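Novice: Pasting a structure here, questions to come.
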Ligand code: PMP
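Residue numbers (full-length UniProt numbering): 5 to 371.
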């Protein structure tokens with residue numbers, strides 16, 4: 005009955021359901037291989053953990069309300085000014101705030117089919133309409149990836165926000181920086197384009213580079229990043245965005261004071277400084293990603309090209325049974341039915357030993 009009292013955009017929405025009880029599964033399977041949430045297999049930088057622990061000494065104090073230290077470090081890292089940065093309680097919070105600030109009833113939010121699930125939520129929470137452009141078709145080298153021509157064609161007078169992840173979750177696919185630049189050049193400056201780069205640190209393709217370099221040319225561009233993936237700090241909830249100072253100033257009106265906690269701010273600075281750790285994460289992921297993709301393809305499974313720390317794998321009509329079989333053997337993938345990909349499972353690239361356990365369990369299930 006309360007559903008009818010919710011604002012119209014939320015009435016037909018269901019709350020996020022994690023599906024599995026991970027706490028119970030960890031008890032049932034010591035050494036559970038968790039490949040469902042695209043977490044960092046190597047974990048965070050030890051220096052980041054130490055910084056977070058040290059920050060707990062100040063747990064009775066409110067954290068720095070503007071996160072000045074971390075913003076200065078990020079500004080130096082990306083070659084932007086601190087006024088172009090905003091910090092969030094995970095990038096999820098920032099994606100939602102962008103919707104609440106710039107979208108609303110009577111306006112359209114555009115995303116791609118198979119785009120990240122939070123974009124639809126951000127549109128609905130703002131009372132805006134979600135428009136989904138069709139993804140690239142089967143047979144295309146980047147099948148299910150973003151079709152930037154289709155997205156540009158879907159932009160209309162009501163379009164206020166465009167969300168696209170590069171590389172994308174859950175497909176793993178990507179668009180080259182040159183194509184993104186051409187896409188931005190086609191749009192009017194009143195259409196804000198949010199490029200979600202949660203997985204950008206994992207990219208190894210030379211043509212796939214950050215859109216941060218395009219900020220100087222496009223004032224309507226927003227780039228979001230996270231410490232949850234390559235920095236391995238998902239549990240501390242820390243993300244940030246980069247945009248024109250004027251756009252950041254408008255977003256700041258809505259930001260809750262102290263939205264980022266002290267241990268997260270401290271860990272973020274230390275993680276950013278530990279470039280060696282990020283490089284080890286990148287290299288380990290890149291080699292394991294290729295090895296795992298090869299091993300899956302050798303089993304005649306369809307694996308989407310990926311520039312992330314996960315693979316989208318096709319199992320056809322067997323997907324649900326394969327998922328259950330893997331979970332029963334202590335390996336947790338992510339089912340994709342909620343994304344309109346019922347025949348697929350998304351599998352995070354783990355450590356070599358975890359990937360070996362995955363393949364072993366898969367061979368048993370498929371036997
Ligand atoms: N964007 C994408 C594409 C993601 O996959 C995720 C996490 N799954 C996020 C944003 C949100 O990450 P966080 O809130 O942890 O920064």
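All C-beta atoms, glycine included, are put in the ideal place defined by N, C-alpha and C.
These figures come from a predicted structure and were not determined experimentally.
(1) Helix, strand or coil: which one does DSSP assign to residue 6?
(2) Run the CB neighbour count on residue 88, radius 10 Å, all protein chains shown included, and call it buried at 16 or more, exposed below.
(3) Does the ligand PMP have a heavy atom nearer than 6 Å to the CB of residue 118?
(4) Using the beta carbon as the reference atom, which residues fall closer than 6 Å to any heavy atom of the ligand PMP, ordered along the chain?
(5) Please list, in chain order, all residues of the same chain as residue 158 whose beta carbon is under 6 Å from its beta carbon, the five residues on each side excluded.
(6) Is it the case that the Cβ atoms of residue 37 and residue 285 are separated by a distance below 7 Å?
(7) Among residues of its own chain, excluding the 5 on either side of residue 181, which ones have a beta-carbon nearer than 6 Å to its beta-carbon?
(8) Is the segment 216-226 touching the segment 54-64 in the sense that three or more CB pairs, one from each, lie closer than 8 Å?
(9) Pick helix, strand or coil for residue 262, following the three-state DSSP scheme.
(10) Report the rounded CA-to-CA distance for residue 264 versus residue 73, giving the unit in angstroms.
(11) Any idea if residue 16 is buried or exposed, counting beta-carbon neighbours within 10 angstroms, 16 or more meaning buried?
(12) With DSSP collapsed to three states, give me the class of residue 222.
(13) Flag this pair as touching only if the segment 192-210 and the segment 302-313 have three or more C-beta atom pairs under 8 Å; answer yes or no.
(14) Following the continuous alpha helix (DSSP H) through residue 106, name the residue where it begins and the one where it ends.
(15) Is it buried or exposed for residue 35, if we count other Cβ within 10 angstroms and need 16 for buried?
(16) For residue 271 and residue 277, I'd like the C-alpha separation in whole angstroms.
(17) Label residue 12 either buried or exposed according to how many other C-beta atoms from any shown protein chain fall within 10 Å of its C-beta, with 16 as the threshold for buried.
(18) Since residue 103 and residue 165 are thought to touch, with beta carbons under 8 Å apart, how far apart are those beta carbons, to the nearest angstrom?
(19) Taking the Cβ atom as the reference point for each residue, do residue 268 and residue 242 lie within a distance shorter than 7 Å?
(20) Could you work out which residue in 152, 192, 145 and 338 is closest to residue 160 when comparing CA atoms only?
(21) Provide the residue span of the beta strand (DSSP E) that contains residue 243, from first to last.
(22) For the segment 313-340, list the beta strand (DSSP E) runs that are entirely contained and at least 3 residues long, ordered along the chain.
(23) Round the Cβ separation of residue 225 and residue 197 to the nearest angstrom and send it over; I've been treating them as touching at under 8 Å.
(24) Buried or exposed, going by whether 16 or more other CB atoms sit within 10 Å of the CB of residue 123?
(25) With which residues is residue 92 paired in a DSSP beta bridge?
(26) Over the uninterrupted alpha helix (DSSP H) stretch that includes residue 254, give me the two end residues.
(27) In three-state DSSP terms, what is residue 228?
(28) State the Cα-Cα distance for the pair residue 321 and residue 127, rounded to the nearest angstrom.
(29) Which residue wins for smallest C-alpha separation from residue 344, given the options 47, 119 and 233?
(30) Helix, strand or coil for residue 201, going by three-state DSSP, please let me know.
(31) State the CB to CB distance for the pair residue 347 and residue 318, rounded to an integer number of angstroms; the pair is presumed to be in contact (CB under 8 Å).
(32) By alpha-carbon positions, which one of 363, 338, 20 and 366 ends up nearest to residue 43?
(33) Look at residue 85 and residue 79 and say whether their C-beta atoms are less than 7 Å apart.
(34) If you follow the alpha helix (DSSP H) that residue 123 is part of, which residue opens it and which one closes it?
(35) In terms of residue numbering, what span does the beta strand (DSSP E) encompassing residue 216 cover?
(36) Would you mind working out which of 150, 350, 68 and 140 sits nearest residue 323, comparing C-alpha positions?
Specialist: For this structure:
(1) helix
(2) buried
(3) no
(4) 42, 94, 95, 96, 120, 169, 173, 200, 202, 230, 232, 238 and 243
(5) 114, 135 and 137
(6) no
(7) 213
(8) no
(9) coil
(10) 13 Å
(11) exposed
(12) coil
(13) yes
(14) 95-106
(15) exposed
(16) 10 Å
(17) exposed
(18) 7 Å
(19) yes
(20) 192
(21) 243-246
(22) 314-318
(23) 5 Å
(24) buried
(25) 243
(26) 249-256
(27) strand
(28) 32 Å
(29) 119
(30) coil
(31) 6 Å
(32) 338
(33) yes
(34) 122-129
(35) First-last for residue 216: undefined, no H or E at that position.
(36) 350
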